[in-house]
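First comes the structure, then the notes that go with it.
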Amino acid sequence: MNTTILAFDEAVRSRFSPRAFLPTPLTEEQIRQIITDAQYSPSNSNTQPWHVHITSGETKNALEKGMMKNNSAGITTPDFTYNYADFYGDYFDRSQEQARIYYEALGIARGDTAKRYEAYLKNFSFFGAPHVAFLFMPSFGDNVRVASDMGMYAQTFLLSLAARGYAGIAQTLLGFHADVVRQILGVSEQYRLLFGISFGYADPNVPTYHVRMGRVTVDESVRFHN
Numbered sequence: 004m005n006t007t008i009l010a011f012d013e014a015v016r017s018r019f020s021p022r023a024f025l026p027t028p029l030t031e032e033q034i035r036q037i038i039t040d041a042q043y044s045p046s047n048s049n050t051q052p053w054h055v056h057i058t059s060g061e062t063k064n065a066l067e068k069g070m071m072k073n074n075s076a077g078i079t080t081p082d083f084t085y086n087y088a089d090f091y092g093d094y095f096d097r098s099q100e101q102a103r104i105y106y107e108a109l110g111i112a113r114g115d116t117a118k119r120y121e122a123y124l125k126n127f128s129f130f131g132a133p134h135v136a137f138l139f140m141p142s143f144g145d146n147v148r149v150a151s152d153m154g155m156y157a158q159t160f161l162l163s164l165a166a167r168g169y170a171g172i173a174q175t176l177l178g179f180h181a182d183v184v185r186q187i188l189g190v191s192e193q194y195r196l197l198f199g200i201s202f203g204y205a206d207p208n209v210p211t212y213h214v215r216m217g218r219v220t221v222d223e224s225v226r227f228h229n
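See the structure below:
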């Protein structure tokens, strides 16, 4: 069991989103350390709106089959809207650059739609991760505050993974199949699925392991007012 904990700045800067995992599972104790860290995330009025389902083994396999079946049938049931057409300007450019870097690392040409689709399908097998956390939330008003709380929980979860030598990737696409996830996990309709986090040990033997996405400078994102 890994007992080394990275310093905060190291964890933040070393965290990345792997798209390939080793099959080695984490122990229940290791997972409980992560979710205990995440439980200390801040939330609006201390509502702590996160309802998290950790899946492994046969349950995870059933989710993979259910989502693959939906995908083949062209069925999606997202609880929240998502459309690339809503991105504009630099935001759209950054999303396209992320895709370009990833597919180039895989050696997939821009026009190779078959290979790109094959890579896309790996989302539904959770990139080989042994565990997936599904993040559900109640619906309050326009959901902006609740979703921001969920984001803080997810970030703490991801940083705890990184600090302990594990890895995780937040997958928006898993939220596109909310109905099948709710059905398999027995989750009430009152909870909405935001996204999932696949996690475990990153596979260091794949071409994308050393891929890191860039960040704009602090001066492009932050303004100081004295």
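The sequence shown maps to residues 4 to 229 in the working numbering. Note that CB positions come from ideal geometry on N, CA and C, so glycine has one too. As the structure is a prediction and not an experimental result, all values here were calculated from the model.
8 Å Cβ cutoff met for residue i and residue j
i: Thr50; j: Phe137; result: no
i: Ser142; j: Arg195; result: yes
i: Thr220; j: Ala108; result: no
i: Tyr106; j: Arg97; result: no
i: Met155; j: Ser75; result: no
i: Thr27; j: Gly203; result: yes
Euclidean distance between Cα positions of residue i and residue j
i: Leu188; j: Thr159; result: 24 Å
i: Pro207; j: His213; result: 8 Å
i: Tyr81; j: Phe90; result: Before going on, a small fix: residue 81 reads as Pro here, not Tyr. Their Cα atoms are separated by approximately 18 Å.
i: Phe198; j: Ala170; result: 16 Å
i: Leu29; j: Val190; result: 24 Å
i: Gln101; j: Gly77; result: 25 Å
i: Tyr85; j: Phe95; result: 13 Å
i: Pro52; j: Gln36; result: 20 Å
i: Lys63; j: Gly144; result: 32 Å
i: Gln99; j: Ala122; result: 16 Å
i: Thr79; j: His228; result: 45 Å
i: Lys72; j: Glu223; result: 43 Å
i: Val209; j: Ala65; result: 26 Å
Whole-angstrom C-beta distance between residue j and residue i, which should lie under 8 Å
i: Phe24; j: Ser201; result: 7 Å
i: Ala132; j: Ala157; result: Ala132 to Ala157, Cβ: 15 Å. No contact.
i: Ile104; j: Met216; result: 7 Å
i: Phe129; j: Glu31; result: No, Phe129 and Glu31 are not in contact; Cβ-Cβ is about 19 Å, not under 8 Å.
i: Ser17; j: Leu9; result: 7 Å
Which listed residue (the options) has its alpha carbon closest to that of residue i
i: Leu124; options: Asn229, Ala65 and Arg22; result: Arg22
i: Val15; options: Val190, Ala166 and Glu107; result: Ala166
i: Val55; options: Asp145, Asn146 and Val135; result: Val135
i: Asn47; options: Gln99, Val149 and Gly168; result: Val149
i: Asp11; options: Asp222, Arg113 and Gly168; result: Residue 11 is actually Phe in this sequence, not Asp. When each option's Cα is compared against that of Phe11, the closest is Gly168.
i: Ala41; options: Asp152, Val225 and Leu176; result: Asp152
i: Asp182; options: Glu61, Asp115 and Phe83; result: Phe83
i: Ile34; options: Leu161, Gly69 and Lys72; result: Leu161
i: Leu177; options: Arg226, Gly69 and Glu61; result: Gly69
Burial state of residue i (16 or more Cβ within 10 Å)
i: Phe127; result: buried
i: His180; result: buried
i: Phe139; result: buried
i: Ala205; result: buried
i: Gly114; result: exposed
Heavy atom of the ligand MN within 7 Å of residue i beta-carbon
i: Asn146; result: The model on display carries no ligand, and the ligand MN is accordingly not part of it.
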